[in-house]
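Engineer: Mapped onto our numbering, the consecutive letters of the sequence shown carry residue numbers 891 to 1396.
Note that CB positions come from ideal geometry on N, CA and C, so glycine has one too.
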Amino acid sequence: MIERVRLSSVWACLLALAGAPIVHADFQVAPVFSDHMVLQQGQPVPVWGWGDDGERITVQIGSRRATAVVHNGRWEVRLRPMKAGGPWTLEVRSPSRSVTFTNVLVGEVWLCSGQSNMEWPLERSYQPEADIASATNRLIRFLDVPNVKAEAPTIRLNARWEVCSPDRARTFSAVAYYFGRALYEARRVPIGLIRSDWGGSPAEAWMSRESLEMRPRYVREILDPFPEQWRRYQESLEEWRRAREEAQREGREFKRNAPWPPWRPSELYHGMIVPLIPYAIKGVIWYQGESNAGRAEQYRTLFQDLIRNWRRDWGQGDFPFLAVQLAPFMAVRDEPGESASAELREAQVLAMRQLPKVGVVVTTDVGDPNDIHPVWKKPVGERLALAARALAYGEKITWSGPLYRSVRFEGSKAIVSFDHVGKGLEARGGPLKGFAVCGEDRRWLWAEARIVGDEVEVWSPQVPRPVAVRYGWADCPVVNLWNRDGLPASPFRTDDFPLTTAPREP
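Okay, here's the thing in structure tokens:
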């Protein structure tokens, strides 16, 4: 006879706080499951939870049934792949209890994550009134993961799936909503959008401790410095509290804001990603990087390791991971020069070149020099949907703008070739702009450029023998190279000069 190990009262209380459908202290379905959810079509669907060791759990949806025995307090089944459709009822039964989820759809599930530009709500995007008013679609569903920092992995998730409506869409991520709407219009199947984001968050907060410890560089540059960062924060917080108390005693107005705590590595992965794993998803859309721009050279591996981290822990193979390139922001410069944001954009493109099923969509036309949160979210979501149609669903469409492939030098001219030319190259709104060249002296000067077939010729009378070309290499690039399919070219450089964001040698 198998000994039954009962959950402690502390664990039962934790499960209750998770907002999950608890019907017995020893039986729970993972809280990511609820009424109105969307399950991923075309691949095995894990369903899991917790209970008493030795109990047999049965999960059924339609004619599909799977069973598992609780082991070490946890159970998991994998339902056979299903076709899009519904609504269905999903039932989970133990020997003495059952939980039933209603209005369940089967379709396409995407995780939408990142920092504030993913978080940005529909109601604060550009002219959203008509889109909010028309946001009634019972085949699109939302799961909004609350902001939770956790020092260790948690199962808690105080969230429920909800049906898309004007009131619900209003405060949902604008990028995610426009992505889901465009994907629904193209695929005509139910769409599930899981939003898990936090403004200002760096990539390392979204990564597991294991993934950060795998590279000595991250230990040295991210993990080891944190205790000292936390100590300094605690000192600043204590000093702020003393100043506030002194002002209160003296009856003075106190306007100083409390210091912000440093981001603890892995805390958002623990609190906002782990509770979702291994819920079946089609892929991820990701809008993040602003908080890592000062360490863009490090991001060249960090971003790729984050993608590997999530793919490894989900256990679904190389699911599509679609990122938004940083939008233009900060002052427009009169002369070409170095840029941390440009180096971050290059790091994003590098992930697309080096990892399978990674896409990057370009936003050079929808930035704002005065606001790190540009309001034009609709083009971003729709370009992500184009990328999903190509990389996730195999549609033969042009999903990217021109992407630098190679350069050759012929006398005083540089000839640049591109991938993703589509129907051809074009300059929008006048002659090409945003190109710079340099000679052996590495002094960058603005250049003239023209389209010749599917290539771009670049030159400057002041640089008789160019050795390198850059395009849009700025915090706030002013550029106008597109393809005729309506997608802007990505900023690029042809050189491999040292990056300004690389750590300085001691």
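Answer yes or no: do E998 and K1268 have a C-beta to C-beta separation smaller than 7 Å?
Structural biologist: It is not a contact, given that the beta carbons lie outside the stated cut-off.
Engineer: Output yes or no for whether 7 Å exceeds the beta carbon distance between S1181 and G1090.
Structural biologist: Yes, they are a contact pair.
Engineer: Taking 7 Å as the limit between beta carbons, can you name the residues of its chain near W1153, skipping five residues before and five after?
Structural biologist: Correct list, in chain order: S1091, P1092 and A1095.
Engineer: Check each candidate in P1367, R1374, Q1005 and S1307 and name the one with the smallest Cα separation from E1225.
Structural biologist: It is P1367.
Engineer: Please list the terminal residues of the continuous alpha helix (DSSP H) segment that includes I1022.
Structural biologist: It spans E1019 to A1023 - the alpha helix (DSSP H) in which I1022 sits, taken as one unbroken run.
Engineer: Starting from K1286, trace the alpha helix (DSSP H) both ways and give me its first and last residue.
Structural biologist: No alpha helix (DSSP H) contains K1286, which DSSP labels as neither H nor E.
Engineer: DSSP three-state label for Y1294, please.
Structural biologist: In this structure, Y1294 counts as strand in the three-state DSSP scheme.
Engineer: Would DSSP call K1303 helix, strand or coil?
Structural biologist: Of the three classes helix, strand and coil, the one that applies to K1303 here is strand, per DSSP.
Engineer: For Q1244, which of helix, strand or coil comes out of DSSP?
Structural biologist: Helix at Q1244.
Engineer: Measure the C-alpha to C-alpha separation of E1157 and A1040 and round it to an integer number of angstroms.
Structural biologist: About 5 Å.
Engineer: Which of the three DSSP states, helix, strand or coil, is assigned to V989?
Structural biologist: Reduced to three states, the DSSP call for V989 is strand.
Engineer: Tell me which residues share the same chain as M891 and place their Cβ nearer than 7 Å to its Cβ, disregarding the 5 neighbours each side in the sequence.
Structural biologist: Its pLDDT being 28, under 50, M891 is placed unreliably in this model, and the value from its coordinates should be taken loosely. Excluding sequence neighbours, M891 sits near nothing in its chain.
Engineer: In chain order, which continuous runs of the beta strand (DSSP E) of length 3 or greater are located wholly inside the segment 945-999?
Structural biologist: Those beta strand (DSSP E) runs which fall completely within the segment 945-999 and span 3+ residues are 946-951, 954-959, 964-969 and 975-983.
Engineer: Leaving out five residues before and five after R1374 in sequence, what residues of the same chain have Cβ atoms less than 8 Å from its Cβ?
Structural biologist: Excluding residues within five positions, the ones whose Cβ falls inside 8 Å are G1312, K1313, G1314, L1315 and E1316.
Engineer: In the DSSP assignment, the alpha helix (DSSP H) including D1034 goes from what residue to what residue?
Structural biologist: Note, D1034: premise wrong, no alpha helix (DSSP H); beta strand (DSSP E) at N1027 to D1034.
Engineer: Grouping DSSP H, G and I as helix and E and B as strand, with all else coil, what is Y1169?
Structural biologist: Three-state DSSP puts Y1169 in coil, outside helix and strand.
Engineer: Within its chain, find whatever has a CB closer than 6 Å to the CB of Q1352; leave out the 5 residues flanking it on each side and keep chain order.
Structural biologist: Result list for Q1352: L1335, in chain order.
Engineer: Measure how close the beta-carbons of A1230 and A1183 come, nearest whole angstrom, since I'm counting them as under 8 Å.
Structural biologist: At roughly 5 Å, the Cβ-Cβ gap stays under 8 Å, so A1230 and A1183 are in contact.
Engineer: Could you tell me which of R964, G952 and Q931 sits nearest to G939, measuring between CA atoms?
Structural biologist: Ranking the options by Cα distance to G939, first place goes to R964.
Engineer: Quick one: what does DSSP say A1326 is sitting in, helix, strand or coil?
Structural biologist: Correct three-state label for A1326: strand.
Engineer: Does the distance from the C-beta atom of E1228 to that of T1390 stay below 7 Å?
Structural biologist: Their beta carbons are under 7 Å apart, which means E1228 touches T1390 by this criterion.
Engineer: If you draw a straight line from the C-alpha of T948 to the C-alpha of D916, how long is it?
Structural biologist: Near 15 Å, if we compare the C-alpha coordinates of D916 and T948.
Engineer: Taking the CB atoms as reference points, tell me whether M1162 and V1038 lie closer together than 7 Å.
Structural biologist: Yes.
Engineer: How about R1031 and V928: do their beta carbons lie closer than 7 Å?
Structural biologist: Yes, the Cβ-Cβ distance between R1031 and V928 is below 7 Å.
Engineer: Mark N1400 as exposed unless 16 or more other C-beta atoms lie within 10 angstroms of its C-beta, in which case mark it buried.
Structural biologist: Outside the displayed range of the chain (891 to 1396) lies residue 1400, so it cannot be described from this structure.
Engineer: I'd like the ranges of any beta strand (DSSP E) spanning at least 3 consecutive residues and lying wholly in the segment 1041-1079.
Structural biologist: Here the runs fully enclosed are 1051-1054.
Engineer: Hey, could you find the ends of the beta strand (DSSP E) F1211 is sitting in?
Structural biologist: F1211 to V1214 is the span of the beta strand (DSSP E), which, as asked, contains F1211.
Engineer: Can you give the beta carbon distance from W1051 to L1033, rounded, assuming they're within the 8 Å contact cut?
Structural biologist: Indeed, because the Cβ distance is near 5 Å, the residues count as touching under 8 Å.
Engineer: Under 7 Å, do Q1453 and M972 count as touching if we go by C-beta distance?
Structural biologist: A query on residue 1453 cannot be resolved here, the shown segment of the chain reaching from 891 to 1396 and no further.
Engineer: Would you decide whether V1346 is buried or exposed? Buried here means 16 or more other CB atoms lie within 10 Å of its CB.
Structural biologist: Classification of V1346: buried, given that the 10 Å Cβ count is 16 or more.
Engineer: Would you call H1160 buried or exposed, if buried means 16 or more other Cβ atoms sit within 10 Å of its Cβ?
Structural biologist: Buried, by the Cβ-count rule.
Engineer: Using 7 Å as the threshold, is the C-beta distance between P1210 and L1102 below it?
Structural biologist: No. Outside cutoff.
Engineer: Would you give the residue range spanned by the alpha helix (DSSP H) that Y1361 belongs to?
Structural biologist: No alpha helix (DSSP H) contains Y1361, which is instead part of the beta strand (DSSP E) from A1358 to Y1361.
Engineer: Could you please give the first and the last residue of the uninterrupted beta strand (DSSP E) stretch that includes I1163?
Structural biologist: Segment: none, I1163 is in no beta strand (DSSP E) and carries neither H nor E.
Engineer: Applying the 10 Å Cβ sphere with the 16-neighbour rule, what's the burial state of E1300?
Structural biologist: The residue in question, E1300, is exposed, as its Cβ has fewer than 16 Cβ neighbours within 10 Å.
Engineer: Taking a contact to mean a Cβ-Cβ separation below 7 Å, would you say C1203 touches I1175 in this structure?
Structural biologist: Correcting the residue type first, residue 1203 is Asp in the shown sequence and not Cys. Not a contact, by the Cβ cut-off of 7 Å.
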